[in-house]
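Colleague:
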Amino acid sequence: MELYAIITGDIVDSRSKDIREWLPLLEQTLGDCSDKFDVFRGDSFQVMVGMEKAIESMFYIKSRIRSLGDLEVRMGLGIGTIEYMDAHIKNSFGDAFVRSGEAFESLHKDLLMVRSPWEDWDELSNIMLNLCVEIANRWTANMAETVAEALRSPDLNQQELAKKLHRKHQSQVSTELTKAGWSKLNKAIAYCTEQLLKRC
Numbered sequence: 001m002e003l004y005a006i007i008t009g010d011i012v013d014s015r016s017k018d019i020r021e022w023l024p025l026l027e028q029t030l031g032d033c034s035d036k037f038d039v040f041r042g043d044s045f046q047v048m049v050g051m052e053k054a055i056e057s058m059f060y061i062k063s064r065i066r067s068l069g070d071l072e073v074r075m076g077l078g079i080g081t082i083e084y085m086d087a088h089i090k091n092s093f094g095d096a097f098v099r100s101g102e103a104f105e106s107l108h109k110d111l112l113m114v115r116s117p118w119e120d121w122d123e124l125s126n127i128m129l130n131l132c133v134e135i136a137n138r139w140t141a142n143m144a145e146t147v148a149e150a151l152r153s154p155d156l157n158q159q160e161l162a163k164k165l166h167r168k169h170q171s172q173v174s175t176e177l178t179k180a181g182w183s184k185l186n187k188a189i190a191y192c193t194e195q196l197l198k199r200c
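Letter 111 of the sequence shown, counting from 1, is numbered 111 in our numbering, and no numbers are missing.
1. Would you list the residues sitting across from residue 5 in a DSSP beta bridge?
2. Just curious, the beta strand (DSSP E) that residue 185 is in, first and last residue?
3. Could you name each continuous beta strand (DSSP E) segment of 3 residues or more that falls completely within the region 9-78, going from the start of the chain to the end?
4. The beta strand (DSSP E) spanning residue 115 covers which residue range?
5. Within 10 Å of its beta-carbon, does residue 60 have 16 or more other beta-carbons around it, so buried, or fewer, so exposed?
6. Enumerate in chain order the residues of its own chain whose CB-to-CB distance from residue 43 is below 7 Å, with the five nearest sequence positions on each side excluded.
7. Tell me, to the nearest whole angstrom, how far the beta carbon of residue 192 is from that of residue 113; I am working on the premise that it is less than 8 Å.
8. Do three or more CB pairs link the region 134-149 to the region 50-70 at distances below 8 Å?
9. Taking residue 121 as part of the alpha helix (DSSP H), name the residues at either end of that continuous run.
10. Quick one: Cα of residue 70 to Cα of residue 111, how far?
11. Mark residue 4 as exposed unless 16 or more other C-beta atoms lie within 10 angstroms of its C-beta, in which case mark it buried.
12. Assuming residue 85 is part of the alpha helix (DSSP H), what are its boundary residues?
13. With burial defined as no fewer than 16 other Cβ atoms inside 10 Å of the residue's Cβ, what is the status of residue 41: buried or exposed?
14. Is residue 31 buried or exposed, if buried means 16 or more other CB atoms sit within 10 Å of its CB?
15. Name the two residues that bound the continuous alpha helix (DSSP H) containing residue 95.
16. State buried or exposed for residue 20, treating a residue as buried only when at least 16 other CB atoms are found within 10 Å of its CB.
17. Give the straight-line distance between the Cα atoms of residue 165 and residue 49, rounded to the nearest whole angstrom.
Here it is, written out as structure tokens:
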């Protein structure tokens, strides 16, 4: 039985910022994650991502949106089967979509929630990942931009990241990643992903 990962999300308080500033970035970011995504109702989206990149993709999306400074994103991740896959992902259906929608609808004041066939994984991951979100909520725009690039280009060293980000010194990247809690965040993403893949 093949399982899929679906992220359902929206931009929080999107009306407070010009849509021409953030919509192209959102579409580009979703395109970096997958070629199967839809943006609808202006500020809502769905994207199908690889299981091994499911958790990482949520933090990549979050970091790219946070790089704009004063925008936030809410996301629900659903793991499950897909019964029908339409050319437009928003018209597809299956357990993965149901769970993604349920996770998103149950967010309330949280910004991130996961739902899968395994309650023990859900419970552990939701605790760990929401602690990570607390750290991420303190990112400056520069810190978020650096984390996004570190997620997108994991093979680059800090000197190469500095060049790509047009930072004058490698030490700027090092400081930004340290302040962003990158090391702890990366370990949590890796652990939750590893535990997920063991069950698939």
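Backbone N, C-alpha and C fix where the C-beta goes; we use that ideal spot for every residue, glycine too.
Predicted model, so just to flag it, every value in this text is computed and none were measured.
Modeller: In short:
1. DSSP, once it has assigned bridges, lists 49 and 79 as partnering residue 5.
2. Looking at the DSSP string, residue 185 is not in any beta strand (DSSP E); the run it does join, the alpha helix (DSSP H), is 182-199.
3. 37-40 and 44-49
4. 112-115
5. Looking at its Cβ environment, which holds 16 or more other Cβ atoms inside 10 Å, residue 60 is buried.
6. The residues are 10, 11 and 14.
7. In fact, because the Cβ distance is near 13 Å, the residues do not count as touching under 8 Å.
8. These segments touch.
9. It spans 119-136 - the alpha helix (DSSP H) in which residue 121 sits, taken as one unbroken run.
10. Answer to the nearest angstrom: the Cα atoms are 15 Å apart.
11. buried
12. Counting along the chain, residue 85 falls outside any alpha helix (DSSP H), and DSSP gives it neither H nor E.
13. exposed
14. exposed
15. DSSP places residue 95 inside the alpha helix (DSSP H), whose first and last residues are 95-105.
16. exposed
17. 25 Å
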